[in-house]
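Chains as they are written, first to last, in our numbering: chain A, 2 to 227; chain B, 29 to 160. Notes for the one structure printed next.
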Amino acid sequence: MFKEFLKELNGRRVEGEMLKTAVVSLLTSAIFLIGIYFLSLKNISEFIPKYGLDLFFISLSYALIILVVRQIRAYKEFACMSGMMIGMTLGMISSFLIGFYVASINGMFFGGFFGIAVGFLFGIWNGKCCGIMGIMEGMMAAFMGGLMGAMTAFMLINDHLKIAFILVFIISAIIMVGLNYMVYKETKEREREIKEGYFSVIVLTFVLMAITTWFIVFGPRGGIFA
Amino acid sequence: MKNTTIAVIIGLVLVIGGIFFFANAQSISGDYNNQNSNTSQASQNGNVQKVVLSLKNYNYYPNMITVKAGEPVSISLDNSIQGCYRYFAIPQLNLGKALPTPSDTLDFTPTQKGTYRFQCGMGMGYGTLIVE
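Okay, structure coming up:
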């Protein structure tokens with residue numbers, strides 16, 4: 002069954018568009034960051050050493066989240082159990098990843114609540130595919146993931162945080178592939194309900210990257226990061 | 029373009045980008061302490077050895093303190109230290125105390141020579157106390 006899923010990554014269903022979605026999202030982030038760097042951020046001393054690794058992983062995280070969102074949106078509605086799992090996974094992973102990377106710059110309080118906000122957005126948006134239960138699950142997972150991600154980054158500040166950046170992303174990516182596979186299994190007998198172009202991917206990536214970049218570069222900092 | 033080609037391109041970009049940013053990233057990691065460890069002798073005030081710690085690059089500064097055995101030591105934390113770093117502990121000596129203001133001190137008299145680890149309440153900030 003998993004082999005069939007891998008074959009579909011080259012197929013005509015929405016799974017065949019997932020890698021392209023990741024490329025579009027990464028390109029949007031890269032163009033945005035390169036543009037804003039040469040327009041304004043290059044004047045900030047040591048911008049790349051301070052923020053480069055964070056922004057790199059934040060771009061990857063949004064690409065990872067947005068490709069899953071595209072797959073889920075294509076089928077619109079799910080059974081309760083699947084919808085709850087979708088809301089929980091997206092709420093948890095998005096809030097954990099963003100909370101983790103933002104907290105390593107802005108501190109636990111601001112990183113945690115920024116992560117929760119992002120997790121709420123994705124958890125509610127995708128959890129509503131099965132109604133209020135998915136929404137509730139998405140919100141609860143975002144609440145937990147945001148604080149956990151931020152706390153993990155904060156506690157690792159003097160203990161191999163850079164390596165944790167990579168490991169946290171890899172683990173999250175594996176979980177997201179699991180969700181892709183689950184959605185594929187649930188929907189392989191169904192027809193796609195929504196067909197969208199890549200404009201929404203570009204807009205969503207741009208808006209999220211703009212807000213996150215502003216927040217980590219110019220936003221408030223707490224505790225030992227002040 | 030086939031999706032496998034796209035996947036290979038994404039993989040290459042990730043590896044190259046990852047190596048570049050990883051190599052250039054500021055030391056927001058455990059290697060900071062090895063590169064920037066610093067030693068300080070406690071200042072003598074009467075017969076009390078006074079140590080004032082501050083915060084630098086997310087850790088106590090100085091993070092290596094030398095004191096004399098058998099003489100009282102008084103450790104305080106300045107205003108730059110915040111959050112859980114204000115709980116100061118030396119676990120091997122069974123010492124630990126919250127020092128919420130710069131005037132609060134952890135007072136003790138080391139009796140045995142040796143090297144002891146000091147740390148914040150959760151072990152995130154840390155350093156070494158050398159008793160000579």
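All C-beta atoms in this analysis are idealised placements derived from N, C-alpha and C, irrespective of residue type, glycine included.
- Cα atoms of Leu81 (chain B) and Ser104 (chain B): separation of roughly 6 Å, rounded to the nearest angstrom.
- Rounded to whole angstroms, the gap between the alpha carbons of Ala23 (chain A) and Val103 (chain A) is 21 Å.
- Shown here for Ala143 (chain A): same chain residues with a beta carbon closer than 6 Å to its own, the five before and five after excluded, namely Gly92, Ser96, Ile117, Gly120, Phe121, Gly124 in chain order.
- From the beta-carbon of Gly17 (chain A), the residues of chain B found nearer than 7 Å are Asn31.
- In the DSSP annotation of this structure, Gln72 (chain A) is not part of any beta strand (DSSP E); the continuous alpha helix (DSSP H) holding it starts and ends at 54–76.
- Inside the segment 74–115 of chain A, DSSP marks whole alpha helix (DSSP H) runs of 4 or more residues at positions 81–107, from first to last along the chain.
- Proximity of Ala75 (chain A) to chain B, defined by a Cβ-Cβ separation below 8 Å, is not satisfied.
- In the DSSP assignment, the residues bridged to Ala117 (chain B) are B:Gly124, B:Gln147.
- In the same chain as Ile59 (chain A), and ignoring 5 residues on each side of it, the C-beta atoms closer than 6 Å to its own belong to Tyr102, Thr213, in chain order.
- From the beta-carbon of Gly120 (chain A), no residue of chain B is found nearer than 7 Å; the closest lies around 23 Å away.
- Between Pro100 (chain B) and Arg114 (chain B), the CB-CB gap reaches or exceeds 8 Å.
- For Ile34 (chain B), the closest Cβ of chain A is nearer than 8 Å.
- Inside the segment 68–107 of chain B, DSSP marks whole beta strand (DSSP E) runs of 3 or more residues at positions 71–73, 76–84, 87–89, 92–95, 101–105, from first to last along the chain.
- In this structure, the CA atom of Phe6 (chain A) is about 8 Å from the CA atom of Lys186 (chain A).
- Separation of Glu197 (chain A) and Ile45 (chain A) (C-alpha to C-alpha, rounded to the nearest whole angstrom) is 38 Å.
- Cβ neighbours of Leu34 (chain A) within its own chain (closer than 8 Å, five residues either side excluded): Leu56, Ser60, Met210, Thr214.
- In the three-state reduction of the DSSP assignment, Gly198 (chain A) falls in the coil class.
- For Leu148 (chain A), the enclosing alpha helix (DSSP H) stretches over residues 133–156.
- The C-beta of Gln120 (chain B) has fewer than 16 other C-beta atoms within 10 Å across all chains shown, which makes the residue exposed.
- For Met156 (chain A), the nearest beta carbon of chain B is closer than 8 Å to its own beta carbon.
- Secondary structure of Thr214 (chain A) (DSSP, three-state): helix.
- Neighbourhood of Gly149 (chain B) in chain A, by CB distance below 9 Å: empty, with the nearest CB roughly 11 Å away.
- Residue pairing for Gly142 (chain B): DSSP places it in a beta bridge opposite B:Val159.
- In terms of Cβ geometry, Tyr63 (chain A) and Thr206 (chain A) form a close pair [threshold 8 Å].
- The segment 178–192 of chain A makes contact with the segment 78–93 of chain A: 3 or more CB pairs, one atom from each, lie closer than 8 Å.
- Residue range 19–40 is occupied by the alpha helix (DSSP H) that includes Phe33 (chain A).
- Shown here, Leu134 (chain B) sits in a strand according to DSSP, grouped into three states.
- With its beta carbon less than 8 Å from one in chain A, Asn87 (chain B) belongs to the interface.
- A Cβ of chain A is located within less than 8 Å of the beta carbon of Tyr154 (chain B).
- Residue-level contact check: Lys4 (chain A) does not touch chain B, since none of the beta carbons of chain B fall below 8 Å from its beta carbon.
- Annotation for Lys78 (chain B): Ala70, Ser71, Ser102 place their beta carbon closer than 7 Å to its own, counting only its chain and skipping 5 residues before and after.
- By the criterion of a C-beta distance shorter than 8 Å, Glu160 (chain B) is surrounded in its chain by Thr94, Val95, Lys96, Ala97, Lys141, once the five residues flanking it on both sides are discounted.
- By the Cβ neighbour-count rule, Gly39 (chain B) is exposed, with fewer than 16 other Cβ atoms within 10 Å of its own.
- If you draw a straight line from the Cα of Met92 (chain B) to the Cα of Met137 (chain A), it is about 49 Å long.
- Its chain contains Cys130, Cys131, Gly135 as the residues whose beta carbon lies nearer than 6 Å to that of Gly84 (chain A), once the 5 sequence neighbours on both sides are disregarded; these appear in chain order.
- DSSP places Ile109 (chain B) outside any alpha helix (DSSP H), giving it a letter other than H or E.
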